[in-house]
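*Asks:* Below is one structure. I have some questions about it.
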Amino acid sequence: MIFLKLILTSLGRHRIRSFISIAGIAFSVAAMLTIVTVLQGAVGMFSGILSSDSEIIVFERNVSDLFFSNVSPEAARVIAGWPKVQHADPVLFGIVSSLDHPIVTCFGVTSSDARIRNAAWLRGERADFGQHADDVVLGERAAEFLNATLGAHVQIGHGTFHVIGIVRTANGFEDGGVFMPLKSAQDFFHKDGSSVITIKLRNKDEGAAFKSEVKAKYPNLIALEDEEFTHSYSQFKILKATAWAVGGCGLLLGGLGVANTMIMSVFTRIREIAILRVNGFSTSQIGGTIFGESALVALLGAVTGLVIGTAFLFALKLIPSLHGYVDVSIQPLVVLTVIVLALFTGVAGALYPAIYAMRIRAVEALRFE
Amino acid sequence: MRALATETASERIVLQASDVWKSYDDGAISVLNGVDLEAGEGETVALCGPSGCGKSTLLHLLGGLDEPDRGRISVNGTKLSPQRSRLHLLRHEIGFVFQLHNLIPGLTLEENCLIPTVAAGVDRETARARLLQLTSLTGLDHRLGQRIQKLSGGERQRTALCRALMNKPRILLADEPTGSLDEQSSAAVFSLLLQLVETEGLTLVMATHDRAMAARCDRLVEMRNGRIYEPKSV
Numbered sequence: 090m091i092f093l094k095l096i097l098t099s100l101g102r103h104r105i106r107s108f109i110s111i112a113g114i115a116f117s118v119a120a121m122l123t124i125v126t127v128l129q130g131a132v133g134m135f136s137g138i139l140s141s142d143s144e145i146i147v148f149e150r151n152v153s154d155l156f157f158s159n160v161s162p163e164a165a166r167v168i169a170g171w172p173k174v175q176h177a178d179p180v181l182f183g184i185v186s187s188l189d190h191p192i193v194t195c196f197g198v199t200s201s202d203a204r205i206r207n208a209a210w211l212r213g214e215r216a217d218f219g220q221h222a223d224d225v226v227l228g229e230r231a232a233e234f235l236n237a238t239l240g241a242h243v244q245i246g247h248g249t250f251h252v253i254g255i256v257r258t259a260n261g262f263e264d265g266g267v268f269m270p271l272k273s274a275q276d277f278f279h280k281d282g283s284s285v286i287t288i289k290l291r292n293k294d295e296g297a298a299f300k301s302e303v304k305a306k307y308p309n310l311i312a313l314e315d316e317e318f319t320h321s322y323s324q325f326k327i328l329k330a331t332a333w334a335v336g337g338c339g340l341l342l343g344g345l346g347v348a349n350t351m352i353m354s355v356f357t358r359i360r361e362i363a364i365l366r367v368n369g370f371s372t373s374q375i376g377g378t379i380f381g382e383s384a385l386v387a388l389l390g391a392v393t394g395l396v397i398g399t400a401f402l403f404a405l406k407l408i409p410s411l412h413g414y415v416d417v418s419i420q421p422l423v424v425l426t427v428i429v430l431a432l433f434t435g436v437a438g439a440l441y442p443a444i445y446a447m448r449i450r451a452v453e454a455l456r457f458e
Numbered sequence: 136m137r138a139l140a141t142e143t144a145s146e147r148i149v150l151q152a153s154d155v156w157k158s159y160d161d162g163a164i165s166v167l168n169g170v171d172l173e174a175g176e177g178e179t180v181a182l183c184g185p186s187g188c189g190k191s192t193l194l195h196l197l198g199g200l201d202e203p204d205r206g207r208i209s210v211n212g213t214k215l216s217p218q219r220s221r222l223h224l225l226r227h228e229i230g231f232v233f234q235l236h237n238l239i240p241g242l243t244l245e246e247n248c249l250i251p252t253v254a255a256g257v258d259r260e261t262a263r264a265r266l267l268q269l270t271s272l273t274g275l276d277h278r279l280g281q282r283i284q285k286l287s288g289g290e291r292q293r294t295a296l297c298r299a300l301m302n303k304p305r306i307l308l309a310d311e312p313t314g315s316l317d318e319q320s321s322a323a324v325f326s327l328l329l330q331l332v333e334t335e336g337l338t339l340v341m342a343t344h345d346r347a348m349a350a351r352c353d354r355l356v357e358m359r360n361g362r363i364y365e366p367k368s369v
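This is the structure in C-alpha cells:
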C-alpha cells in the first residue's frame with residue numbers, strides 16, 4: 090500500500106508531466122490499435138471475398154499479388170470436374186479508375202458465383218446477370234459513389250457499362266466493387282483466365298488430398314485453405330508488419346516520453362530516495378517504485394489509448410465514404426498485445442532512471458538540496 | 136586517543152569504531168583521521184565539535200551509510216561488510232534521525248512512519264501496533280492521518296523519531312536532531328528523545344552543537360579536525 094502511495098504521490102507531484110506521459114502512451118496505443126484494427130479488418134474483408142462459400146483458393150504459384158495471378162480456363166474447368174469438388178468459381182480481380190474515383194475494384198465472376206448468389210439484391214434481378222457482355226452489377230457503395238441507378242450507363246475505365254443490378258453485401262470491398270460477367274472481365278482486362286478459383290469441397294476433410302492433387306497436376310498453381318492463405322499471403326504479411334511497425338514507432342515515442350518523465354522524477358526525488366535507503370529500502374525496492382511508477386503510467390496510457398482508439402474506430406465507421414471498409418471488431422489478442430507492448434515500453438523507458446535511482450548513495454544524496 | 140565506553144555503561148559494547156579514516160576527493164579532503172569510539176549498551180553519547188570536524192561523517196559510517204577508507208566499524212560485535220549486513224543494519228539494528236526531518240512530503244504521518252516496516256517486510260498488524268505505541272508516547276496519536284506539510288516543525292521531528300524507532304532498533308544515531316527547531320521545541324523534542332531512549336533501552340550517539348543537551352548525555356566526546364580528543368565524563 091505504501092509502495093502504491095509512494096508511486097501515486099510521485100506522479101501527483103508533477104501532474105502535468107505525468108499527464109503528458111500518459112497522453113503520449115495513450116495516443117501511441119490509440120494509433121496502434123486503429124492502424125492494426127483497420128488493416129486487419131481490411132485483410133479480413135479481402136479474405137472474406139475469397140472465402141465466400143468456399144474453403145480453398147487456387148492461384149498461380151509465386152505471384153507477388155493476386156492481381157497478377159492467371160489461372161487458365163482449362164485448369165478451372167478440369168478442377169471443377171473433380172469428384173471431390175462441389176463447386177469451383179473462377180474469379181478475376183481487376184482495378185480500374187472511373188471519373189473522380191482512382192480505384193474501382195472489379196470482380197469478374199460467373200452467374201453461379203457465391204458472391205452473386207448470396208448478395209442481397211436491392212435493385213434488379215439475379216437471373217439477368219451474365220446475359221449481356223456490357224452488363225454490370227454494382228455494390229451498394231459503388232452505386233453511391235458512381236452516382237448510378239438501375240438501368241443507367243456508367244463509365245468504368247475506358248468502357249461504358251449497363252447497370253442491371255445493385256447489391257448489398259456484408260463485405261466492404263465487395264460493396265464498393267463492380268461485378269461483371271467473367272468473360273467480359275477477361276476481355277476488359279485482357280486476360281484469358283482468372284485470378285483465382287475458389288473451391289468448395291464436398292467433404293471438408295479432403296482439403297489435404299485436394300491440395301496434393303493440384304500440386305501434382307498443375308505445378309504452376311498452388312491451393313491453400315483460406316486460413317493458410319491469410320497467414321501466408323505476402324501482401325497481408327506486409328500490411329500487418331507495416332501496421333505493427335508504424336504502431337511500434339508510436340509506442341517508441343511514447344516510451345521516450347515515459348523515460349523523460351521517469352528521469353525527471355528520479356532527479357527531483359534524489360533526497361527522497363536517499364531517505365528510503367536510510368530507512369531500509371533495498372535497491373530492488375527502490376527500483377520497484379520506479380518501475381511501478383512507469384508501469385502505472387503505461388497502464389493508464391494503454392487503457393486511455395484503448396478507449397480513444399475504439400472511439401476513433403467507431404467514428405471512422407460512421408464516415409459514409411468508409412462505410413463497409415472499417416471493421417470495428419477489435420480482437421482480444423490485439424488488445425492484449427497492445428497492453429503488453431505499452432507496459433513493456435513503460436518499463437523499458439524506466440530502465441535507465443531505475444538503474445540511476447538504485448545507484449544513488451544515501452550518504453551523498455542526503456547532502457542534496 | 137580512544138573514546139571508551141563509560142564504566143557506568145553496560146559491559147557490552149554495541150558500537151565500535153577502531154582506527155577509522157575517511158577522506159573525500161581521492162584523499163584531498165581528510166575528514167576522519169584514525170577515530171576510535173565505543174558505545175556501550177544503553178549508553179548515551181554526545182559528539183561535540185565545530186562544523187566540519189567529522190561528526191556527521193562518523194555517524195554515517197557507524198550507521199553503514201558509508202564505508203571507511205581504513206579501520207573497522209562493528210555493530211553488536213559484528214564487523215560491517217558490504218551490502219547485505221548493511222541492509223539488515225538499517226532495517227533492524229540502527230535508527231537515524233537527522234537535523235532536517237527528512238520525511239516524505241505527500242505522505243501522511245502514519246505512512247511516513249510505516250516506511251521502515253514496509254522495507255523490512257513487517258506484517259501490517261505488528262507495524263500498526265508499534266505505530267500506535269510510538270505515536271502515543273510522542274503525543275502524535277491524534278495526527279496520524281495528517282500530511283507532513285500540515286505538521287509543525289516539532290511534530291515533524293517527533294514523527295522522524297517515531298519512524299527511526301519503528302523496527303525497534305537497539306541503536307539510535309542522531310545528527311543534530313533539534314538543530315532546525317526553535318529553543319522551546321528543541322528542548323521538548325530532546326527531552327522526548329531521551330525519554331524514548333530510556334524507555335526503549337537504546338544506545339544513542341548524537342552529534343550536536345548544543346553543550347547543554349550534550350551535558351544531559353552519559354558521555355561527551357569532543358571532536359576536532361577528524362580526531363577524537365578526549366573523553367569527558369559528564
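Protein chains in written order, with my numbering: chain A, 90 to 458; chain B, 136 to 369. Beta carbons are placed, not taken as given, at the ideal position from N, Cα and C, and that holds for glycine.
1) How many whole angstroms separate the CB atoms of S383/A and V347/A, which I take to be in contact at a CB cut-off of 8 Å?
2) Return the chain-ordered list of same chain residues with a C-beta closer than 6 Å to the C-beta of A446/A, the five sequence neighbours on each side being excluded.
3) In this structure, does DSSP put I419/A in helix, strand or coil?
4) Taking the straight line between their C-alpha atoms, what separation do you get for G187/B and A163/B?
5) Taking the C-alpha atoms as reference points, what is the distance between T372/A and L100/A?
6) Determine the chain B residues that contact F92/A at a beta-carbon separation under 9 Å, and present them in chain order.
7) Per DSSP, which one or two residues make a beta bridge with K157/B?
8) Counting only Cβ-Cβ distances shorter than 8 Å, please list the residues of the region 414 to 428 of chain A near chain B, keeping chain order.
9) Identify every residue that forms a DSSP beta bridge with G170/A.
10) Give me the DSSP bridge partner(s) of T179/B.
11) Count the CB pairs spanning the region 211 to 220 of chain A and the region 248 to 267 of chain A that are closer than 8 Å, and state whether there are at least three.
12) Kindly list, in the order they appear in chain A, the residues whose Cβ is closer than 7 Å to that of I239/B.
13) Less than 8 Å between the CB atoms is what I'm expecting for M358/B and K157/B, so what's the real figure, rounded?
14) Note down, in chain order, each residue of its chain lying with its Cβ closer than 7 Å to the Cβ of D276/A, except the 5 sequence neighbours on either side.
15) So, does the CB of V452/A fall closer than 8 Å to a CB anywhere in chain B?
16) Using the three-state DSSP reduction, which class does H251/A fall into: helix, strand or coil?
17) Please identify the residue among T357/A, I444/A, I419/A and L345/A whose C-alpha is closest to the C-alpha of A112/A.
18) Based on the DSSP output, what are the partners of C195/A in its beta bridges?
19) Can you tell which of H190/A, V226/A and V147/A has its C-alpha closest to the C-alpha of L310/A?
20) When you compare the region 296 to 307 of chain B with the region 261 to 277 of chain B, are there three or more beta-carbon pairs, one atom per stretch, that lie closer than 8 Å?
21) Can you grab the Cα-Cα spacing for the pair I352/A / A115/A, in whole Å?
22) For chain B, find out if any of its Cβ atoms is closer than 8 Å to the Cβ of T378/A; answer yes or no.
23) On the three-state DSSP scale, how would you describe Q234/B?
24) Would you kindly work out how many angstroms separate the C-alpha atoms of P172/A and R166/A, rounded to a whole number?
25) Can you find the residues in the same chain that come closer than 7 Å, C-beta to C-beta, to S145/B, ignoring five residues on each side of it along the sequence?
26) Secondary structure at S284/A, three-state DSSP: helix, strand or coil?
27) When the distance is taken between beta carbons, is A181/B closer than 8 Å to V324/B?
28) Distance check for L200/B and H227/B, CA to CA, integer angstroms please.
29) Would you tell me roughly how many angstroms separate the C-alpha atoms of R137/B and L296/B, rounded to the nearest one?
30) Classify T331/A: buried if its beta carbon has 16 or more other beta carbons within 10 angstroms, exposed otherwise.
31) Label R293/B either buried or exposed according to how many other C-beta atoms from any shown protein chain fall within 10 Å of its C-beta, with 16 as the threshold for buried.
32) Spell out whether any CB of chain B is found under 8 Å from the CB atom of F370/A.
33) What residues in its chain sit with their C-beta under 6 Å from that of S107/A, if we drop five residues either side in the sequence?
34) I'd like to confirm the pairing. Which residues does DSSP put opposite I239/B in its beta bridges?
35) If the criterion is Cβ atoms closer than 8 Å, does the pair G438/A and M121/A meet it?
36) Taking 8 Å as the CB-CB limit, is V386/A close to chain D?
*Replies:* Looking at the coordinates:
1) 5 Å
2) V355, I362, I375 and I379
3) coil
4) 15 Å
5) 20 Å
6) V253
7) L167/B
8) none
9) Beta-bridge pairing links G170/A to no other residue.
10) L339/B
11) yes
12) E361 and I364
13) Not confirmed; about 13 Å, so no contact.
14) none
15) yes
16) strand
17) L345/A
18) G183/A and V267/A
19) V147/A
20) yes
21) 20 Å
22) no
23) coil
24) 13 Å
25) Model confidence at S145/B stands at a pLDDT of 49, short of 50, so the residue's coordinates are unreliable and nothing is read from them.
26) coil
27) no
28) 14 Å
29) In this prediction, R137/B has a pLDDT of 47, which is less than 50 and means its spatial position is unreliable; nothing more can be read from the coordinates.
30) exposed
31) buried
32) yes
33) L100
34) For I239/B, which the question treats as bridged, DSSP gives no partner whatsoever.
35) no
36) Among the protein chains of the structure shown, namely A and B, there is no chain D.
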